[in-house]
Every structure is written in C-alpha cells, then in structure tokens.
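In this note's numbering, the protein residues as written are 1 to 512.
The beta-carbon is built from N, C-alpha and C at its ideal position, and this holds for glycine as well.
All of these numbers come straight from a predicted model, not from anything done at the bench.
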C-alpha cells in the first residue's frame, strides 16, 4: 500500500498506456534497496482500470560490498543505488538512461536485467488478465466488483476478530545484534483487541541502531498483518480490506521506523522479530491461535568475488529455517519464515553456477523445542569457498535469545556460525558479520530450532518414538525431555514410560 500511495503522489493522473515505473527507495514507499518495485498502469477503452505490480529482491544493487546487504552499513548511501519513482518504460519505449544508470552501478548487470525483465513481463501477463476481466464485465462493473471484494474481505476479518476476547497484552523479544556489535535490541509489542479491530503498538521498541537492521514502517506493518492474518481461521481474499481492521503504531527514529540516513538493508530480521513479539502478545489473548516462535528469520549468506574464469559473481543464499510448534501440530522443518516467501538454492544449482561447494545440508537432532507439539528442527548447511579474497556477509540471529516456547513448551536451540580454515583452525563468529575469506575456508551455519508448544510430558509417546526412528530426537532426549522409555528395538515401553512420567510430574511439582 505504501508504494502505491507514493507513486500516486508523484505522478497523479499522468499515467499513459505502456508506462512502467520503477522504485526501490525505503523513504519513498519501498522496503530496502534490494527490493525493486515495478508498477504498470492498466488501461481499457481509453481509461485506467488499475495497476499491476511486482516486487523482487535483487542479488546486487551496488554499495560497498557484494550483495548490497552488509550488516555493518551505517547509512543508506553505503547500501547501493537509490531509485525514487522513475519511468522505466515511457508509453512502451524503454528509458535507456535508466538502464544505463543501473548497469553502471550494479556488479552483476546481466542477472539484474534478467530479473528486472521478468518483473516487467509478469506485470504484462497480469495486465492481460485484468483487461480480460474488464472486457467480460465492463469497466464500471469491474470497478464495483473489485470494491465489493475489498469490502467483503474487511467484513470477514472484522467478523472473526469480533469473536476474540477484548484485552491488551505486551511482549518484548530481542535481536541479538545491532549489525555491528553483539548487543540486545528490544522489540516491544503492545497488542490490543477491541471489538472488531486489533492495534499493535511498537513505539517503545529500541531506537535506531548503528547497523543496517533498521526497518521501514511499511515492512513492520506487513509483519503485523501477517501475525494477525495467520491467527484467523477463515480464508480471506488477499486484498487491502484485510488490513483495514488492523492498526500499527510506530515511532520515527526507532528500529521499527527508520529515518534518513539510516541503513535498512538487513531490515528483514527486525520485521521477523516484530512478528515474534506480536505473536507473543497475541498468545496471551488468543492462546489457541498462535504458534511458538520459529527460527527468527531466514539466514542470509552472501559470497562475492571474481570468478576463476573472469567476471564477478554474487552468490546470495537463504537458509530457510523452521517453525515453532502450534496448538495443532509440530513445527515445520526447513520452511521459509512465515513473514517471507523464500527458498534455498538447490545444491546442484549452487555448485554449477558458482565457485562454491555445499559439503553438508541437513537437520539437527534434538534442536526443536520439546512440547506437546515439538518445534521444527534447526537446519545446518556448510559451504566451502573456492575463490580467494572473497567477501562473506552473514545475517542470522537467535544466537543469544532462543525462540520461545508457549503453553509450557521448551525454547528451541540457539543458532551458530563457525568458520573452519584449511589448516583446521576454527573461528566462532557472531550472528551477523562482514569478513573476507579465502579459498578452502568453510562456513558452517546452524539456524535456531523452533520453540515447542504445550507440555512435553503430554506428548504422545508413539510420536516421540517416531521422532527417534526418524532421527529427529535421540533416545536420550526422549527419556530426558519427554519421559518416554524405549526398548532395544525402539518401541515404547508403556509401563516404564508411565512410571517415569509420574516421577517427572512429581519432581516438577516439588520443584514448584
């Protein structure tokens, strides 16, 4: 919504068929410089009927380091080329000067232009679909139908929120770094349910940090919307009507609303923590609708250097993490954070396209928080660098503050980063860093595990046995965390399990 509003502010009614607009400015409706917004006005029978749009994250938009996403950037001018709303196509003709500026400022222009071309093509496909609807229904009726759909969405959301109990709750979660130093950065959410509306107040979150973790208000809004929509039991159309009953309060100059010239390239992890904080508050108000915390945000690892055969490369890897346990089920393993649409690069593609070897990729046993419904397992991935003088940027979190459990569930395991040199030396690295590595160096990253939901001593012993058989939980952890005793072949020993659970319950009561 913010991007649409600023486009209209800049261009008003001066849209023409064939125009295409481009923007990435966090202070002009964007999110961070790596996300390029492409908007195309759509016309039918001589008049405008709407817009099509795409947003895509690009591998490089310039800046001081490959990938444009260094955690230790301290101002936006270090992060890459900043584009306020510009015409990319003028009545169907490419604006060559804009393409020249882009080519001169990015490290991998061929990939950038390919991705940008895909965005423009996607807008054109959507344009044809929208025109087809206008041809079928007529301009005026189509506009009325779309307005009705938006209003219908709003009614659905309001109807469900009205069934929630009124009340207020607060929750504070933490980032473990400001992008430069290992420090606690609090994210505080005060959530109020009143009638058929929800308000999330984030104004007491930390002041802007030195590094690039500061978020735009628009991204914080999106993460709050995600938290509330995920708590709904009704399916709702994806329209602006879903946002009308949800109010987000932020304060300029905090990590939840960056102001010039603050850096924001790594704002994603802040938005993810906003999601966790809002969920933590909602769990006190509607506990049957909210999951435990997940891994804290997809990990970002960026390798950049010169290819052995010539030319530059930027290898932009997302390690998708894991979800917390829910009131109904175990947390998912190896799935993108709920506030992100992302996927890892398949090993075969990574090794074919880049001078990188993926030596290990798997799940970590015992890393999911114990609970009636277990948290998802941590993901571990190890890369070996094949090029000298290689820039390495990593954004991860949850190394100091593990993902919380709910309703008696245990927290998930913390994350870690380890650099192993060819001679065997090991460097323990912080959750966020920008360094230079050499050929033969290995980075081993382990995400956090998801928090558990519910009392581990009430988990079905058969489910625990299945976890042990699938190597998600060790037999030792089954006994220690779940009080489940397995026999020599891995089957549940019912009598021993009943006795051990009774003993564990008794000891817990005594400790209380």
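Keeping to the same chain, check which residues put their C-beta closer than 7 Å to that of residue i; ignore five residues upstream and five downstream.
{"i": "residue 298", "result": "318, 319, 320, 321, 336, 337, 340 and 342"}
{"i": "residue 345", "result": "317"}
{"i": "residue 50", "result": "42 and 130"}
{"i": "residue 446", "result": "364, 378, 380, 415 and 416"}
{"i": "residue 519", "result": "In the structure as shown, the chain begins at 1 and stops at 512. Residue 519 is therefore absent and cannot be evaluated."}
{"i": "residue 486", "result": "465, 468, 475, 478, 492 and 493"}
{"i": "residue 142", "result": "49, 133 and 134"}
{"i": "residue 2", "result": "29 and 218"}
{"i": "residue 234", "result": "156 and 160"}
Going by DSSP in three states, residue i sits in which element: helix, strand or coil?
{"i": "residue 271", "result": "helix"}
{"i": "residue 101", "result": "helix"}
{"i": "residue 417", "result": "strand"}
{"i": "residue 278", "result": "helix"}
{"i": "residue 553", "result": "Past the edges of the chain, shown from 1 to 512, lies residue 553, and the structure says nothing about it."}
{"i": "residue 432", "result": "strand"}
{"i": "residue 306", "result": "strand"}
{"i": "residue 5", "result": "helix"}
{"i": "residue 207", "result": "strand"}
{"i": "residue 260", "result": "coil"}
{"i": "residue 313", "result": "strand"}
{"i": "residue 23", "result": "strand"}
{"i": "residue 107", "result": "coil"}
{"i": "residue 301", "result": "strand"}
{"i": "residue 426", "result": "strand"}
{"i": "residue 487", "result": "coil"}
{"i": "residue 247", "result": "strand"}
Spatial neighbours of residue i within its chain, please: C-beta separation below 6 Å, excluding the five flanking residues on both sides.
{"i": "residue 502", "result": "none"}
{"i": "residue 474", "result": "365 and 366"}
{"i": "residue 293", "result": "276, 324, 403, 404 and 451"}
{"i": "residue 400", "result": "176"}
{"i": "residue 437", "result": "385, 390 and 392"}
{"i": "residue 301", "result": "317 and 394"}
{"i": "residue 10", "result": "85"}
{"i": "residue 440", "result": "422"}
{"i": "residue 496", "result": "485"}
{"i": "residue 284", "result": "169"}
Do residue j and residue i count as a contact pair if the criterion is CB distance below 7 Å?
{"i": "residue 384", "j": "residue 357", "result": "yes"}
{"i": "residue 333", "j": "residue 362", "result": "no"}
{"i": "residue 291", "j": "residue 326", "result": "yes"}
{"i": "residue 187", "j": "residue 277", "result": "yes"}
{"i": "residue 543", "j": "residue 200", "result": "With the chain covering 1 to 512 only, the question about residue 543 has no answer from this structure."}
{"i": "residue 209", "j": "residue 178", "result": "yes"}
{"i": "residue 371", "j": "residue 412", "result": "no"}
{"i": "residue 126", "j": "residue 239", "result": "no"}
{"i": "residue 59", "j": "residue 314", "result": "yes"}
{"i": "residue 61", "j": "residue 120", "result": "no"}
{"i": "residue 415", "j": "residue 398", "result": "yes"}
{"i": "residue 461", "j": "residue 484", "result": "yes"}
{"i": "residue 261", "j": "residue 75", "result": "yes"}
{"i": "residue 498", "j": "residue 442", "result": "no"}
{"i": "residue 232", "j": "residue 160", "result": "yes"}
{"i": "residue 189", "j": "residue 202", "result": "yes"}
{"i": "residue 33", "j": "residue 91", "result": "no"}
{"i": "residue 123", "j": "residue 251", "result": "no"}
{"i": "residue 136", "j": "residue 44", "result": "no"}
{"i": "residue 55", "j": "residue 25", "result": "no"}
{"i": "residue 89", "j": "residue 38", "result": "no"}
{"i": "residue 223", "j": "residue 274", "result": "yes"}
{"i": "residue 418", "j": "residue 444", "result": "yes"}
Below 8 Å CB to CB, which residues in the same chain sit around residue i once its five sequence neighbours on both sides are set aside?
{"i": "residue 6", "result": "23, 28, 29 and 85"}
{"i": "residue 328", "result": "373"}
{"i": "residue 170", "result": "188, 189, 190, 191 and 281"}
{"i": "residue 351", "result": "357 and 358"}
{"i": "residue 236", "result": "153, 156, 157, 229 and 242"}
{"i": "residue 87", "result": "19, 20, 21, 22, 95 and 98"}
Would you say the beta carbon of residue i comes nearer than 6 Å to a heavy atom of the ligand ADP?
{"i": "residue 461", "result": "The model on display carries no ligand, and the ligand ADP is accordingly not part of it."}
Any beta carbon of chain C sitting closer than 7 Å to that of residue i?
{"i": "residue 417", "result": "No chain C appears in this structure, which consists of one protein chain only."}
Could you tell me which uninterrupted beta strand (DSSP E) segments, each at least 3 residues in length, are contained entirely in the stretch 120–202, listed from first to last along the chain? Runs of the beta strand (DSSP E) inside the stretch 120–202: 167–175, 185–194 and 197–201.
Contained beta strand (DSSP E) runs [length at least 3] in the stretch 37–99, N- to C-terminal order
Listed in chain order, they are 47–57 and 86–90.
For the structure I just gave you, are there three or more beta carbon pairs, one from the stretch 264–272 and one from the stretch 205–223, closer than 8 Å?
Yes, since at least three Cβ pairs between the stretch 264–272 and the stretch 205–223 fall closer than 8 Å, the two stretches touch.
message = If we require 4 or more residues per run, which alpha helix (DSSP H) segments fall completely within the stretch 315–386?
response = If we require 4 residues or more, the alpha helix (DSSP H) runs fully inside the stretch 315–386 come out as 347–353.
(request) Would you be able to state if there are at least three C-beta pairs under 8 Å between the stretch 142–153 and the stretch 217–228? (result) Result no; under three Cβ-Cβ pairs closer than 8 Å.
Does the stretch 64–82 come close enough to the stretch 297–311 to have 3 or more Cβ pairs within less than 8 Å? Yes, the stretch 64–82 touches the stretch 297–311.
For the stretch 10–17 against the stretch 97–113, do three or more pairs of beta-carbon atoms, one drawn from each stretch, fall closer than 8 Å, so that the two count as touching? In short, these stretches do not touch, since the Cβ pair count stays below three.
Exercise for review: Could you tell me whether the stretch 182–197 touches the stretch 165–172, using the rule of 3 or more Cβ pairs below 8 Å?
Suggested key: Under the Cβ criterion (8 Å, minimum of three pairs), the stretch 182–197 counts as touching the stretch 165–172.
Give the list of continuous alpha helix (DSSP H) stretches no shorter than 4 residues that lie fully inside the stretch 428–483. Taken in chain order, the complete alpha helix (DSSP H) segments of 4 or more residues contained in the stretch 428–483 are 461–469 and 475–482.
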